[in-house]
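For reference, the structure is listed below as structure tokens.
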Amino acid sequence: MKRKISILGSTGSVGTQCLDLIEENLKDFELITITAGINEKKLEEQVNKFKPKYYYSKSDLNYSYGKRLNNYQDILKFDDSDLIVIALSGVEGIDPTIFSLEQGRKVLLANKESLVVGGDIIVELSKDNGGEIIPLDSEHSAIWQCIKNEDYGSIDRVILTASGGALRDRATEELKKITVDDVLAHPTWKMGKKITVDSSTLINKVFEVQEASNLFSLPLDKIEVLFHRQSLIHGLAEFNDGNILAVLSYPDMKIPILYGLYYPERKSSSKIEKIDFRSIESLSFESFPEEKLGWFNFGMQLLNSSKLAPSFLVGSDQAAVEMFLEGKVSYTGMLDAMKRVYERFDFSVEYNLETIKETVQRSYIMTLKEIE
Numbered sequence: 036m037k038r039k040i041s042i043l044g045s046t047g048s049v050g051t052q053c054l055d056l057i058e059e060n061l062k063d064f065e066l067i068t069i070t071a072g073i074n075e076k077k078l079e080e081q082v083n084k085f086k087p088k089y090y091y092s093k094s095d096l097n098y099s100y101g102k103r104l105n106n107y108q109d110i111l112k113f114d115d116s117d118l119i120v121i122a123l124s125g126v127e128g129i130d131p132t133i134f135s136l137e138q139g140r141k142v143l144l145a146n147k148e149s150l151v152v153g154g155d156i157i158v159e160l161s162k163d164n165g166g167e168i169i170p171l172d173s174e175h176s177a178i179w180q181c182i183k184n185e186d187y188g189s190i191d192r193v194i195l196t197a198s199g200g201a202l203r204d205r206a207t208e209e210l211k212k213i214t215v216d217d218v219l220a221h222p223t224w225k226m227g228k229k230i231t232v233d234s235s236t237l238i239n240k241v242f243e244v245q246e247a248s249n250l251f252s253l254p255l256d257k258i259e260v261l262f263h264r265q266s267l268i269h270g271l272a273e274f275n276d277g278n279i280l281a282v283l284s285y286p287d288m289k290i291p292i293l294y295g296l297y298y299p300e301r302k303s304s305s306k307i308e309k310i311d312f313r314s315i316e317s318l319s320f321e322s323f324p325e326e327k328l329g330w331f332n333f334g335m336q337l338l339n340s341s342k343l344a345p346s347f348l349v350g351s352d353q354a355a356v357e358m359f360l361e362g363k364v365s366y367t368g369m370l371d372a373m374k375r376v377y378e379r380f381d382f383s384v385e386y387n388l389e390t391i392k393e394t395v396q397r398s399y400i401m402t403l404k405e406i407e
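To convert, note that position 31 of the sequence shown is 66 in my numbering; the numbers rise steadily by one, no gaps.
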């Protein structure tokens, strides 16, 4: 029987790679809905090629195939997919994730923000409604594979790895002159612009620590992050008997995506290259050098300060990165602006889904204004 699947964010990096794998295995999938933000041309190409039942974008254009839907709620009203891929970047992915899990869907989640800002609530929402969250992040897919059949009480720690991004060997004094092109030249991963910037600042790793804590119900002090330049080991879990399990693969998002698409089965693909261990000279791990800790320490301090602090970080970082990509703030100016906004931000409200979204929006707007 074919798996019915919808991809929210089909024109982005994860969405296009997901469609690439589906195209190779059309006998296994029926594409129900695809959505895009502003990339209308690419969405039209995908609609004509894959012929989904429904499509959605922010414009009012109609295509020659499929039915246009008006919003994400409509998608889940008409859509009967078995799998919902949330490949939307940033805060746009939060509501569709909630809508999907409320309906008991199986969600393949590439949107970090959903699990960062209210992951504990979202995980409970999934359990209460019979939904399921399958992480598509390479690190969380790796950790999940290491621990999902284990007694969580036997876990001493999990380790997330970080490549360090394009700026990992740049001196601190160089960072003020860093350009957008410098940041986007990631040494090992091919990703979208936002996540590539976050990778260079290490805010991405702060998000991933919070994501892992919420997704796997682990305290923050059991989650570590280490530099791993080769980007071959994506996650490790150490147990109380001294054994360590790790997941290794080439740095290719298609690998965790393929695992998610077919879970609990495994599926081979001609589009995936397997590791040749004879070509690997070494696997190295390093602590973060002191000059790289500014962003990371700021983010980790936030995580420990308030339950709404992750929501602040998501909104503020979204605004800062957008301004950087538009050339309106320097690389180091992003963190300076976020710190100033944080110092005057009011966190004295109740923690729930509504205040989470309000905090994201408020911190986003305040950071935009701070930079403008």
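C-beta: ideal position from N, C-alpha, C; glycine also.
Distance from the CA of Val241 to the CA of Gln336, rounded to the nearest whole angstrom, comes to 10 Å. Within the same chain, Leu195, Ala197, Lys240 come within 6 Å of Val260 by CB-CB distance, once the 5 residues on both sides are set aside. Around the C-beta of Ala220, fewer than 16 other C-beta atoms lie within 10 Å, and the residue is accordingly described as exposed.
The region 251–269 makes no contact with the region 130–137, as fewer than three CB pairs between them are under 8 Å. Under the three-state reduction of DSSP, His263 is assigned to coil, being neither helix nor strand.
Exclusion of the five residues before and after Glu321 leaves Phe262 as the residues of its chain whose Cβ lies within less than 6 Å of its Cβ. When DSSP reads this structure, Phe347 sits in no beta bridge, so it has no partner. Where Glu273 is concerned, the enclosing beta strand (DSSP E) starts and stops at 268–274.
Taken through DSSP and simplified to helix, strand or coil, Asp186 comes out as coil. Between Ser92 and Glu75, the CB-CB gap stays under 8 Å. For Ile279 and Ile315, the gap between their C-alpha atoms comes out near 20 Å. For the region 357–384, not one full-length beta strand (DSSP E) segment reaches 3 residues or more. In the three-state DSSP reduction, Tyr100 falls in the coil class, being neither helix nor strand. Where Pro131 is concerned, there is no enclosing beta strand (DSSP E), although the alpha helix (DSSP H) around it starts and stops at 129–137.
Here DSSP, grouped into helix, strand and coil, assigns Pro170 to strand. By a beta-carbon distance limit of 8 Å, Cys53 contacts Ile42. Their separation comes to about 6 Å. Annotation for Arg301: Tyr294 place their beta carbon closer than 8 Å to its own, counting only its chain and skipping 5 residues before and after. Phe64 is bridged by DSSP to Arg38. Taking a contact to require three or more Cβ pairs closer than 8 Å, the region 211–218 and the region 274–293 do not qualify as touching. With respect to Lys88, Lys77 sits apart: the two C-beta atoms are not nearer than 8 Å.
If you keep only unbroken alpha helix (DSSP H) runs of at least 4 residues inside the region 291–343, you get 328–338. Taking the C-beta atoms as reference points, Leu143 is found no nearer than 8 Å to Ile178. Beta-bridge annotation (DSSP): Leu283 is paired with Ile268.
Taking a cut-off of 8 Å for Cβ pairs, the region 342–356 and the region 112–129 touch, as three or more such pairs fall below it.
Membership of Tyr107 in any beta strand (DSSP E) is not indicated; the residue belongs instead to the alpha helix (DSSP H) covering 107–113. Distance from the CA atom of Ser235 to the CA atom of Asp381, rounded to whole angstroms, is 28 Å. Judged by pairs of C-beta atoms under 8 Å, the region 100–120 does not touch the region 357–374, as fewer than three such pairs exist. Counted as a single uninterrupted DSSP element, the beta strand (DSSP E) harbouring Val120 occupies residues 118–121. By the Cβ rule, the region 388–400 does not count as touching the region 263–271, because fewer than three pairs are nearer than 8 Å. For Lys84, the uninterrupted alpha helix (DSSP H) run begins and ends at 75–85, by DSSP.
A residue is called buried when at least 16 other Cβ atoms come within 10 angstroms of its Cβ; Ser317 does not meet this threshold and is exposed. When rounded, the separation of the alpha-carbon atoms in Glu361 and Ala354 is 11 Å.
Here the alpha carbons of Val120 and Gly165 stand approximately 17 Å from one another. The beta carbon of Arg38 is closer than 8 Å to those of Asp63, Phe64, Glu65, Asp117, Leu118, Leu296 in its chain, skipping five residues each way along the sequence. Taking the C-beta atoms as reference points, Lys289 is found no nearer than 8 Å to Lys309. A residue is called buried when at least 16 other Cβ atoms come within 10 angstroms of its Cβ; Asn97 does not meet this threshold and is exposed.
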